[in-house]
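Comments concern the structure below.
Residue numbers (my numbering): 1170 to 1260.
Below, the structure is given as structure tokens:
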């Protein structure tokens, strides 16, 4: 028996993946340039640590505030579980 995952796919999966990848790429571009500017500014290493710690704390706060499931109500499939398992499908 093979399970059919098509009715279980969420329509918001693709845009959410796109947003996550774009934010990750933005961080990959801005992070090294901002870090280089902070280190090249001539601040004491203690102040550089405080700036990096504040940026990390803001990122952790943003990550914690993401609601489970992306904040959108999940739609349930109206297909009964018995239909999801098709004994005639090839493995």
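Positions of the beta carbon are idealized from the N, C-alpha and C atoms, including for glycine. These figures come from a predicted structure and were not determined experimentally.
Nearest-angstrom Cα separation, counted from residue j out to residue i
| i | j | result |
| --- | --- | --- |
| residue 1221 | residue 1213 | 13 Å |
| residue 1189 | residue 1229 | 15 Å |
| residue 1201 | residue 1232 | 20 Å |
| residue 1208 | residue 1216 | 10 Å |
| residue 1183 | residue 1206 | 35 Å |
| residue 1223 | residue 1192 | 19 Å |
| residue 1226 | residue 1211 | 23 Å |
| residue 1187 | residue 1194 | 11 Å |
| residue 1235 | residue 1198 | 23 Å |
Beta-carbon contacts of residue i that lie in its chain and below 7 Å, excluding the five residues immediately before and after
| i | result |
| --- | --- |
| residue 1237 | none |
| residue 1203 | none |
Unbroken alpha helix (DSSP H) runs of length 4 or more, entirely within the region 1206-1235: which are they? 1214-1233
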